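Written below as structure tokens is the structure these notes are about.
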Amino acid sequence: MTGAGAGIGHATAEQFVRNGYDVVLISHGRERLNRAASKLSSTHGIRALPIPIDVADAQAFDAAAPRVERALRPIDVRVNVAMATVFAPPMFINRHRTAPFGVPGASAVAIAMAAVARRRGRLR
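Okay, so the sequence shown: first residue is 0 according to my numbering, each after it adds one.
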């Protein structure tokens, strides 16, 4: 689950763990991510694996997907909540920093997870 360190992503992760899912929490903030994983694990008795990755880094997702499979179990659900919200006049927004959280970031996650599913024979 991307964007799981805080906000909507963390709230989404909480809903999954309340239903007994083990979760992989992906976000760029290592400390916040570790705290979130620890809290979810201790509160709900599930496994929460924190993986600090920038969603714009497709190679990091490729490297992380097999690690997730080894550490937990096959991936059943993929949730992409990572986003960047900018409150500023358009002339002050750095599109090179915010754009990767949209389509490119979601695509990197989908491609990495599809490769895992294909290796498991669940995607042709």
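Heads up, the beta-carbon is just placed ideally off N, CA and C, and yes, glycines get one too.
This structure is a prediction, so every number in the text was calculated from the model and none was measured.
Whole-angstrom distance between Arg117 and Ala47, CA atom to CA atom: If you take the alpha carbons of Ala47 and Arg117, they lie about 24 angstroms apart.
Which two residues bound the contiguous alpha helix (DSSP H) that contains Ile25? In the DSSP assignment, Ile25 falls outside any alpha helix (DSSP H) and lies within the beta strand (DSSP E) extending over 22-26.
Which residue comes first and which comes last in the beta strand (DSSP E) that contains Pro51? Per DSSP, Pro51 belongs to the beta strand (DSSP E) from 47-51.
Can you tell me whether Pro65 is buried or exposed, with buried defined as 16 or more other CB within 10 angstroms of its CB? By the neighbour-count definition (other C-beta atoms within 10 Å, threshold 16), Pro65 is an exposed residue.
CB of Ile50 within 8 angstroms of CB of Ile25, strictly: A contact, by the Cβ cut-off of 8 angstroms.
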